[in-house]
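Number of protein chains: 6
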Amino acid sequence: MFTLTVRDHVMLAHSLPDPFFGPAQGLHGVTYVVEATFERPDLDEHGVVLDIGAAGQALTDVLGRIAYQNLDELEEFAGMITTTEVMARWVADQLAGSIDVSGLGAISVVLREHPDAWACYRKALG
Amino acid sequence: MFTLTVRDHVMLAHSLPDPFFGPAQGLHGVTYVVEATFERPDLDEHGVVLDIGAAGQALTDVLGRIAYQNLDELEEFAGMITTTEVMARWVADQLAGSIDVSGLGAISVVLREHPDAWACYRKALG
Amino acid sequence: MFTLTVRDHVMLAHSLPDPFFGPAQGLHGVTYVVEATFERPDLDEHGVVLDIGAAGQALTDVLGRIAYQNLDELEEFAGMITTTEVMARWVADQLAGSIDVSGLGAISVVLREHPDAWACYRKALG
Amino acid sequence: MFTLTVRDHVMLAHSLPDPFFGPAQGLHGVTYVVEATFERPDLDEHGVVLDIGAAGQALTDVLGRIAYQNLDELEEFAGMITTTEVMARWVADQLAGSIDVSGLGAISVVLREHPDAWACYRKALG
Amino acid sequence: MFTLTVRDHVMLAHSLPDPFFGPAQGLHGVTYVVEATFERPDLDEHGVVLDIGAAGQALTDVLGRIAYQNLDELEEFAGMITTTEVMARWVADQLAGSIDVSGLGAISVVLREHPDAWACYRKALG
Amino acid sequence: MFTLTVRDHVMLAHSLPDPFFGPAQGLHGVTYVVEATFERPDLDEHGVVLDIGAAGQALTDVLGRIAYQNLDELEEFAGMITTTEVMARWVADQLAGSIDVSGLGAISVVLREHPDAWACYRKALG
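Pasting the structure below:
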């Protein structure tokens with residue numbers, strides 16, 4: 000089994016309005032360092048999992064929709080709690096919708112919120 | 000499938016008294032950089048795998064039991080060879096006993112002993 | 000010449016309301032990974048630059064004043080543009096006011112805003 | 000399930016002579032930071048996945064066959080496109096042939112070509 | 000004193016045709032992870048050392064001149080030994096010629112050739 | 000001004016028998032990730048600061064004298080408090096005695112004891 004991973008980052012503001020989140024209830028922000036991993040049982044005719052340029056561009060484009068934004072004000076996330084786990088799933092879902100996933104077995108997205116904590120969502124395909 | 004990872008570190012001394020370990024047979028020491036990963040098929044009602052604060056505190060508490068210690072002198076490890084692999088399993092077992100694991104599918108623990116070597120143990124739950 | 004460095008991080012929101020900053024004019028956020036370095040020509044009577052525990056606690060305390068905050072709403076930064084460079088200087092100034100700087104030659108603070116960009120301020124002492 | 004990982008690196012030149020690869024079609028080069036991970040359901044009689052010294056030496060030896068080489072001129076890769084994915088598989092295959100794999104479940108090899116992109120191949124054993 | 004650093008990377012081939020360099024005499028390649036640091040005694044009117052976007056673009060543009068190239072075939076480096084140190088100086092010189100250096104005290108360039116070795120050149124300005 | 004840095008690591012045990020060090024008074028251990036930096040105003044006749052192979056070997060040899068040792072039992076450190084700062088100076092002094100320092104302006108040694116703390120000693124030469 001093969002995987003290809005591309006990495007980028009995004010800076011944004013949000014709040015987690017649930018007493019469960021303690022000090023993170025208020026409006027604050029984060030730099031997410033984002034790793035998107037694409038799985039493929041076999042290589043394609045070019046000997047790769049995916050065109051690395053296309054993979055990187057897709058990730059950059061997806062992150063561009065939330066870069067320098069306040070998630071609390073985006074229609075896209077209305078009524079949602081934008082935890083790191085939820086945002087990892089959102090990035091994976093967006094990637095699945097913007098690249099050709101034929102032949103891929105899964106997309107995983109890691110969001111690192113600081114050096115000592117990160118979350119991941121693995122989206123099985125096909 | 001979702002995962003949440005928290006990271007911490009611990010400094011300790013130990014020996015590996017088996018000729019198999021060559022120069023590491025004598026008393027020496029290590030900084031373990033420790034990553035604990037919690038797996039959950041679905042998010043809980045707060046939209047997370049686990050309360051990140053609770054996860055981090057549990058890891059810090061477990062590591063506190065061995066921090067600045069000489070493992071060779073601890074009852075806990077009497078008669079054991081405290082290899083990196085064995086210590087990864089010990090941390091995972093301790094974590095499983097100190098947090099609420101309901102809903103979790105597994106706990107994995109990575110122990111990095113230096114930049115060029117690390118070991119991991121994955122403990123399946125339920 | 001000796002230095003001691005401690006590292007921590009902080010997550011916050013802010014805006015940079017000047018057209019110069021393009022997309023960063025709006026309210027967004029950041030994780031700053033913060034490195035505080037203390038310089039000393041000679042070691043003290045304990046053979047250190049500074050008590051590492053005290054240094055780490057001082058940094059954590061300073062960052063605690065802005066953690067999970069929106070800088071735009073803090074009195075402390077009223078009328079200021081809170082660029083990474085400006086915040087590095089603020090952290091260095093706060094540290095100089097909260098530890099015993101006798102014997103120290105300088106305090107430097109690095110603020111990493113993402114893996115590909117960081118700023119530093121070096122505050123000469125005495 | 001346990002894993003042990005050792006890390007090393009290698010510097011080499013190659014070309015990817017297919018229009019698919021754009022600017023990488025010409026002769027260029029890369030530093031691959033290489034992580035080799037060995038999986039084992041249970042620990043061996045020494046309480047490890049593998050002798051870490053033997054694992055590291057095996058990786059160094061495999062990488063030594065391509066270090067400071069131009070892959071385009073090596074018999075070994077004649078007629079092949081030496082993408083990162085293909086080279087990850089090559090390293091895993093070579094490792095499987097040079098260590099005692101009894102008891103191991105898989106060997107995975109990650110090749111990091113720069114901080115923002117890497118590929119992995121997992122070779123199931125037995 | 001303030002500094003701003005931006006980071007990028009470049010992949011290229013070259014040889015070091017001098018017996019002094021042992022196995023690196025032959026044609027091989029490298030990924031340089033490049034950090035460019037700009038020093039300024041005081042901040043400019045925007046509260047920064049330099050426009051971070053302009054700094055990053057300048058670095059990307061400079062590296063673009065050698066990306067995916069074989070340095071041995073470039074006019075620019077004819078008759079030169081392209082060691083890491085020499086290339087760090089070349090990048091710093093190019094940056095000094097492509098940005099507005101008024102107010103800057105120095106440009107430093109770090110080239111990391113693998114995780115365990117790097118070189119730096121500091122170019123004093125003004 | 001040019002610098003060349005090589006990196007290695009060492010694992011050892013020691014104690015810091017002074018109440019000032021709290022929990023680190025007892026016998027414990029550490030992995031030091033060690034960076035040795037050599038400064039040179041100008042490049043030598045090969046276009047380098049130092050032969051990188053010789054620099055790396057010198058660092059490995061110096062660290063080999065303390066690798067897998069208990070510093071408390073070594074003659075070399077009798078009567079000394081082996082803080083990170085003191086050990087950084089020891090490594091720099093040993094390096095200065097084991098390489099040809101002609102032409103070099105300084106040797107700096109960073110010892111990283113865990114991801115959030117490190118110390119450095121800069122030894123001016125000539």
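Going down the list, the protein sequences come from chains Z, D, W, A, X and H. Position 33 (the first sequence) corresponds to 32 in numbering that gives the first Met the number 0; numbering is contiguous. Position 124 (the second sequence) corresponds to 123 in numbering that gives the first Met the number 0; numbering is contiguous. Position 115 (the third sequence) corresponds to 114 in numbering that gives the first Met the number 0; numbering is contiguous. Position 21 (the fourth sequence) corresponds to 20 in numbering that gives the first Met the number 0; numbering is contiguous. Position 42 (the fifth sequence) corresponds to 41 in numbering that gives the first Met the number 0; numbering is contiguous. Position 103 (the sixth sequence) corresponds to 102 in numbering that gives the first Met the number 0; numbering is contiguous. Where is the CB? At the ideal position from N, CA and C, for every residue including glycine. Keep in mind it's a predicted model, so treat the numbers as computed, not measured.
Could you give the distance in angstroms between the alpha-carbon of residue i and the alpha-carbon of residue j?
| i | j | result |
| --- | --- | --- |
| residue 126 of chain Z | residue 114 of chain A | Residue 126 of chain Z falls outside the range modelled here, since chain Z spans only 0 to 125, and no answer is possible. |
| residue 77 of chain A | residue 31 of chain W | 48 Å |
| residue 94 of chain H | residue 61 of chain H | 7 Å |
| residue 2 of chain A | residue 15 of chain W | 46 Å |
| residue 52 of chain D | residue 112 of chain Z | 13 Å |
| residue 126 of chain X | residue 17 of chain X | Coverage of chain X is limited to positions 0 through 125, which leaves residue 126 of chain X absent and any answer about it impossible. |
| residue 105 of chain D | residue 96 of chain X | 55 Å |
| residue 69 of chain A | residue 73 of chain W | 58 Å |
| residue 71 of chain Z | residue 123 of chain D | 37 Å |
| residue 45 of chain Z | residue 22 of chain D | 47 Å |
| residue 40 of chain X | residue 103 of chain X | 7 Å |
| residue 88 of chain A | residue 38 of chain A | 16 Å |
| residue 125 of chain W | residue 43 of chain X | 25 Å |
| residue 56 of chain A | residue 7 of chain D | 29 Å |
| residue 33 of chain A | residue 28 of chain X | 15 Å |
| residue 86 of chain X | residue 116 of chain X | 14 Å |
| residue 120 of chain D | residue 25 of chain A | 43 Å |
| residue 158 of chain D | residue 79 of chain H | Any property of residue 158 of chain D remains undetermined from this structure, which presents chain D solely from 0 to 125. |
| residue 9 of chain H | residue 99 of chain Z | 47 Å |
| residue 35 of chain H | residue 75 of chain Z | 50 Å |
| residue 84 of chain D | residue 101 of chain H | 46 Å |
| residue 66 of chain X | residue 13 of chain H | 47 Å |
| residue 50 of chain X | residue 118 of chain D | 43 Å |
| residue 0 of chain W | residue 109 of chain W | 19 Å |
| residue 90 of chain Z | residue 54 of chain Z | 13 Å |
| residue 59 of chain H | residue 107 of chain H | 16 Å |
Tell me whether residue i sits in a helix, a strand or coil according to DSSP, three-state version.
| i | result |
| --- | --- |
| residue 7 of chain H | strand |
| residue 29 of chain X | strand |
| residue 23 of chain X | helix |
| residue 72 of chain W | helix |
Using a cut-off of 8 Å between C-beta atoms, extract the partners of residue i located in chain D.
| i | result |
| --- | --- |
| residue 110 of chain H | Chain D residues near residue 110 of chain H: none, gap ~11 Å exceeds 8 Å. |
Output, in chain order, the set of chain D residues within a Cβ distance shorter than 7 Å of residue i.
| i | result |
| --- | --- |
| residue 30 of chain H | 29, 30, 112 and 113 |
| residue 15 of chain A | The contacting residues do not exist; residue 15 of chain A stays about 28 Å from chain D at best. |
Terminal residues of the continuous alpha helix (DSSP H) containing residue i?
| i | result |
| --- | --- |
| residue 88 of chain X | 83–97 |
| residue 57 of chain D | 51–63 |
Since residue i meets chain H, which of its residues come closer than 8 Å, beta carbon to beta carbon?
| i | result |
| --- | --- |
| residue 126 of chain W | Coverage of chain W is limited to positions 0 through 125, which leaves residue 126 of chain W absent and any answer about it impossible. |
Closer than 7 Å by beta-carbon distance: list the chain A residues that pair up with residue i, in chain order.
| i | result |
| --- | --- |
| residue 54 of chain X | The premise fails here: residue 54 of chain X is roughly 18 Å from chain A at the closest Cβ pair, so nothing lies under 7 Å. |
| residue 51 of chain Z | 116 |
Can you pull the chain H neighbours of residue i, defined as C-beta to C-beta under 7 Å?
| i | result |
| --- | --- |
| residue 36 of chain X | The premise fails here: residue 36 of chain X is roughly 13 Å from chain H at the closest Cβ pair, so nothing lies under 7 Å. |
Identify the continuous beta strand (DSSP E) that holds residue i and give its terminal residues.
| i | result |
| --- | --- |
| residue 112 of chain D | 105–113 |
| residue 120 of chain H | 116–123 |
In chain Z, which residues lie less than 7 Å from residue i when you measure between Cβ atoms?
| i | result |
| --- | --- |
| residue 59 of chain D | Per Cβ cutoff of 7 Å: no residues; residue 59 of chain D is ~10 Å from chain Z at best. |
Just the chain W side, please: which residues come within less than 7 Å of residue i by C-beta, in chain order?
| i | result |
| --- | --- |
| residue 11 of chain Z | 27 and 28 |
Residue i touches chain W at which residues, Cβ-Cβ below 8 Å?
| i | result |
| --- | --- |
| residue 213 of chain H | In the structure as shown, chain H begins at 0 and stops at 125. Residue 213 of chain H is therefore absent and cannot be evaluated. |
Closer than 9 Å by beta-carbon distance: list the chain X residues that pair up with residue i, in chain order.
| i | result |
| --- | --- |
| residue 85 of chain W | 42, 46 and 47 |
Which bits of chain W does residue i rub up against, with CB to CB less than 9 Å?
| i | result |
| --- | --- |
| residue 66 of chain Z | 22 and 27 |
I want to verify the contact list: residues of chain A whose CB lies under 9 Å from the CB of residue i, in sequence order.
| i | result |
| --- | --- |
| residue 121 of chain D | 0, 1 and 2 |
Residues within the stretch 17–28 of chain D neighbouring chain Z, beta-carbon criterion of under 8 Å | none
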